[in-house]
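**Q**
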Amino acid sequence: MTDIDPSGPSPATDIETFARLDIRVGTVVDARPFPAARKPAYQLWIDFGPRIGVKRSSAQITTHYTPDLLIGRQVCAVVNFPPRQIGPFRSEVLTLGMPDDKGDVVLIRPDQTVPDGGKLF
Numbered sequence: 001m002t003d004i005d006p007s008g009p010s011p012a013t014d015i016e017t018f019a020r021l022d023i024r025v026g027t028v029v030d031a032r033p034f035p036a037a038r039k040p041a042y043q044l045w046i047d048f049g050p051r052i053g054v055k056r057s058s059a060q061i062t063t064h065y066t067p068d069l070l071i072g073r074q075v076c077a078v079v080n081f082p083p084r085q086i087g088p089f090r091s092e093v094l095t096l097g098m099p100d101d102k103g104d105v106v107l108i109r110p111d112q113t114v115p116d117g118g119k120l121f
């Protein structure tokens with residue numbers, strides 16, 4: 001997790017920059033503890049539907065979630081960043097969240113069930 005920036009909003013950008021981010025919704029199909037991570041984390045397998053498939057993500061979300069509560073939950077993730085090697089695990093997507101008042105991650109997800117693979121716009 002990155003530190004919260006207390007200085008205020010980021011500099012202005014444009015819609016084309018935002019449009020280059022491919023943010024999709026998917027359903028967590030597997031979640032496991034990730035003891036090899038430097039900070040407490042889970043390994044997630046997220047199904048983004050037939051066009052994208054199942055992708056892996058390392059997520060530092062252990063404060064508010066347990067693996068059994070994550071399975072079946074829809075989450076949002078950036079699917080077009082390059083994969084990152086995190087210890088022995090290759091993280092293919094960036095699962096999105098916001099910090100709570102203590103800085104712990106709360107996942108971003110739709111408030112109604114939507115088709116997996118749906119793109120944020």
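Take the sequence shown: its position 41, counted from the start at 1, is 41 in the UniProt record's numbering, and no numbers get skipped.
Cβ atoms here follow ideal geometry from the backbone N, Cα and C, with glycine treated the same way.
Computed from a predicted model, the values in this text were never measured in an experiment.
Quick one: what's got a C-beta closer than 6 Å to Pro11's C-beta in the same chain, skipping five residues either side?
**A** For this step, residue 11 is matched to residue 11 along the sequence shown. Nothing listed; no residue qualifies.
**Q** Looking only at C-alpha atoms, which of Leu120, Val106, Gly117 and Val54 sits nearest to Glu92?
**A** Counting from one through the sequence shown, the residue named residue 92 turns up at place 92. Taking only the C-alpha atoms, the option nearest Glu92 is Val54.
**Q** Using a 10 Å radius around the Cβ and a threshold of 16 neighbouring Cβ atoms, would you call Leu107 buried or exposed?
**A** On the sequence shown, position 107 is the one that residue 107 refers to. Buried is the call here.
**Q** Can you check whether the C-beta of Pro35 is within less than 9 Å of a C-beta belonging to chain B?
**A** This model lacks chain B altogether, as it is built from one protein chain only.
**Q** Give the DSSP-derived three-state secondary structure of Ala59 in the structure shown.
**A** Taking the sequence shown and counting its residues from 1, the one referred to as residue 59 is at position 59. DSSP places Ala59 in strand when its eight states are reduced to three.
**Q** Label Gln74 either buried or exposed according to how many other C-beta atoms from any shown protein chain fall within 10 Å of its C-beta, with 16 as the threshold for buried.
**A** Within the sequence shown, numbered from 1, the residue matching residue 74 stands at position 74. Classification for Gln74: buried.
**Q** Taking a contact to mean a Cβ-Cβ separation below 9 Å, would you say Phe34 touches Ile71 in this structure?
**A** In the sequence shown, residue 34 corresponds to position 34, counting from 1. In the sequence shown, residue 71 corresponds to position 71, counting from 1. Cβ distance not < 9 Å, so Phe34 and Ile71 don't count as in contact.
**Q** Taking Asp47 as the reference, give the member of Ala41, Arg56, Glu16 and Thr66 with the closest Cα.
**A** Against the sequence shown, residue 47 aligns to sequence position 47. The candidate whose alpha carbon is nearest that of Asp47 is Arg56.
**Q** For Tyr28 versus Leu120, is the C-beta spacing smaller than 9 Å?
**A** If you number the sequence shown from 1, residue 28 lands on position 28. If you number the sequence shown from 1, residue 120 lands on position 120. The question names Tyr, but residue 28 in the sequence shown is Val. Taking 9 Å as the Cβ cut-off, Val28 and Leu120 do not qualify as a contacting pair.
**Q** Could you tell me if Gln43 is buried or exposed, where buried requires 16 or more neighbouring beta carbons within 10 angstroms of its beta carbon?
**A** As a first step, residue 43 is located in the sequence shown; it is residue number 43 there, counting from the start. Counting Cβ neighbours within 10 Å, Gln43 comes out buried, since at least 16 surround it.
**Q** Between the C-alpha atoms of Pro88 and Ala36, what's the straight-line distance to the nearest angstrom?
**A** The residue you call residue 88 lines up with position 88 of the sequence shown. The residue you call residue 36 lines up with position 36 of the sequence shown. Each residue's alpha carbon lies about 7 Å from the other.
**Q** Over what stretch of residues does the alpha helix (DSSP H) that includes Leu69 continue unbroken?
**A** To locate residue 69, count along the sequence shown from 1; it is residue 69. Residues Pro67 to Leu70.
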